[in-house]
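Novice: The sequence shown begins at 7 in the numbering used here and counts up by one.
Backbone N, C-alpha and C fix where the C-beta goes; we use that ideal spot for every residue, glycine too.
Structure provided below as structure tokens; questions to follow.
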Amino acid sequence: GLRRFGGGFVEAVSDSDYTLRQIDPDGNPDGLDFGSIDDIIEIRKESRSARQIALLMEKEEEPPAAKPAQGWNGKPNPESCLDEVLKRSMLDKLVVNILLATGDDELRFYGIVRELTETHVRIDVLSDDGEPDGTSVIRLDDITGLQVNTRDERKVALFNRHRMHLYL
């Protein structure tokens, strides 16, 4: 079934996946969204909602579309968008939101990327309120979606950084 809808600008595309720079409904940058090309059901451009977001973005001096993509080493079409997003997240110590396919179900959780190999990623898992919740080693092939630096991930990162203050 349909999992989600996202609006934004295509950052990079490989043979099997993509990265989208998301824009929220108010026209503000809202992180990165990684996904598999096979999961794309429809692509719309020049739609009414896209025109509305473009108008909202005009309030900024330099809209996100005009900013150069960073961290791709000058390659607009990397071999794997997933690898690039995970590397960037690990270097910047950003909270990620990972979607795994587990048979007929899907599992989504937050974490911080600690190690990345050609086949696996090690993640320090975080609860929704930023509490450490163990470590997970995941095969890259099992990751079907990934979001970085959207409002949700920024919220969990803030809770994680200030978790001691939440209990005082």
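Note down, in chain order, each residue of its chain lying with its Cβ closer than 8 Å to the Cβ of L88, except the 5 sequence neighbours on either side.
Specialist: D23, F40, L146, I149 and L152
Novice: From this set, F115, R57, G136 and E124, which residue's C-alpha is nearest K93's C-alpha?
Specialist: E124
Novice: Which residue comes first and which comes last in the alpha helix (DSSP H) that contains L146?
Specialist: Segment: none, L146 is in no alpha helix (DSSP H) and carries neither H nor E.
Novice: Determine the contact status of D139 and V131, defining contact as a CB-CB distance below 8 Å.
Specialist: yes
Novice: Could you name the residues that DSSP lists as bridge partners for G13?
Specialist: As far as DSSP is concerned, G13 takes part in no beta bridge.
Novice: Reducing DSSP to helix, strand and coil, say where S42 ends up.
Specialist: In this structure, S42 counts as strand in the three-state DSSP scheme.
Novice: Using beta-carbon positions only, say whether D36 and R157 come within less than 8 Å of one another.
Specialist: In terms of Cβ geometry, D36 and R157 form a close pair [threshold 8 Å].
Novice: List the endpoints of the continuous beta strand (DSSP E) containing R120.
Specialist: D111 to L122
Novice: Go through its chain and collect everything with a Cβ distance to Y141's Cβ below 8 Å, but skip five positions before and after it.
Specialist: Checking the displayed sequence, the identity of residue 141 turns out to be Thr instead of Tyr. Only R120, R128, I129, D130 and V131 meet the Cβ criterion.
Novice: State buried or exposed for T25, treating a residue as buried only when at least 16 other CB atoms are found within 10 Å of its CB.
Specialist: Answer is buried; the Cβ neighbour count reaches 16.
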